[in-house]
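As they're listed, the protein sequences go chains H and L.
Numbered per our numbering, the first sequence spans residues 7 to 115.
Numbered per our numbering, the second sequence spans residues 463 to 576.
Each residue gets a CB set at the ideal place from its N, CA and C atoms; glycine is no exception.
These numbers were taken from a predicted model, which means no experiment stands behind them.
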Amino acid sequence: QKEVEQNSGPLSVPEGAIASLNCTYSDRGSQSFFWYRQYSGKSPELIMFIYSNGDKEDGRFTAQLNKASQYVSLLIRDSQPSDSATYLCAVLGYSTLTFGKGTMLLVSP
Amino acid sequence: KAGVTQTPRYLIKTRGQQVTLSCSPISGHRSVSWYQQTPGQGLQFLFEYFSETQRNKGNFPGRFSGRQFSNSRSEMNVSTLELGDSALYLCASTSRTGDTGELFFGEGSRLTVL
Numbered sequence: 007q008k009e010v011e012q013n014s015g016p017l018s019v020p021e022g023a024i025a026s027l028n029c030t031y032s033d034r035g036s037q038s039f040f041w042y043r044q045y046s047g048k049s050p051e052l053i054m055f056i057y058s059n060g061d062k063e064d065g066r067f068t069a070q071l072n073k074a075s076q077y078v079s080l081l082i083r084d085s086q087p088s089d090s091a092t093y094l095c096a097v098l099g100y101s102t103l104t105f106g107k108g109t110m111l112l113v114s115p
Numbered sequence: 463k464a465g466v467t468q469t470p471r472y473l474i475k476t477r478g479q480q481v482t483l484s485c486s487p488i489s490g491h492r493s494v495s496w497y498q499q500t501p502g503q504g505l506q507f508l509f510e511y512f513s514e515t516q517r518n519k520g521n522f523p524g525r526f527s528g529r530q531f532s533n534s535r536s537e538m539n540v541s542t543l544e545l546g547d548s549a550l551y552l553c554a555s556t557s558r559t560g561d562t563g564e565l566f567f568g569e570g571s572r573l574t575v576l
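Structure, rendered in structure tokens:
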């Protein structure tokens, strides 16, 4: 059973701080990793993906991947109240995308 | 460019009934996936269709079925509804032809089973 684990939160950070969201996965053969953001009452939207070990930056977002530790993280710099949402980690194994249950992020003004 | 369109958005059924949900992918997208989302289990993969063929199937009972038409539109059907089938059913499409996690989701169909 392939598993993707995330802390459900909520993770509360003040506006302007760095939010760090973490995810671990069980399938060592997984190759691709994705972060989706889901606002309350809305559908998930893809915000980042990472395929190689290391960091990948896109604006205020940085995805980090450590395949040896089976660990993926998402850093959000200069957090804004509009970043308040549930962040879903997703891992692509053999033909199947498995989602974690998500971490709720709350950014207070 | 229109996004993924799902209909109906909301529906209420009773136990034992069946339901059919529809999904129109983004124009040009040939792969359509279906997911069930519940507060307790999160997003769970149901199945994926590409060019009218089911490529992958999740761990759901046979009451859950789907199909894809030649225009890439997809339907999923749930027969003999159970209370536990109450969920948000999300459809996602992608332009990728191979395995990918780069999905575009529709707004979902919220099913309530009474």
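Taking 8 Å as the upper bound for CB-CB distance, Val481/L and Gly568/L are not in contact here, some 16 Å apart. Of all residues in the region 69-88 of chain H, none has a C-beta nearer than 7 Å to a C-beta of chain L.
For Pro50/H, the closest Cβ of chain L is nearer than 8 Å.
DSSP places Gly504/L in the uninterrupted beta strand (DSSP E) bounded by 504-512. Shown here, Leu17/H sits in a strand according to DSSP, grouped into three states. Val19/H and Val113/H have their alpha carbons spaced roughly 5 Å apart.
Around the C-beta of Arg477/L, fewer than 16 other C-beta atoms lie within 10 Å, and the residue is accordingly described as exposed. In the structure shown, Asp561/L adopts coil according to DSSP, grouped into three states.
Contact annotation for Leu473/L against chain H: no contact, minimum CB-CB distance about 17 Å [criterion: below 8 Å]. Using a Cβ-Cβ cut-off of 8 Å, Ala91/H does not count as an interface residue toward chain L, since no Cβ of chain L sits closer than that to its own. Leu545/L sits in a helix when the DSSP states are folded into three classes. Distance between Gly108/H and Asn533/L, taken at the CA atoms: about 33 Å.
With a threshold of 8 Å between beta carbons, Glu564/L makes contact with chain H. Judged by DSSP in its simplified three-state form, Asp64/H adopts strand.
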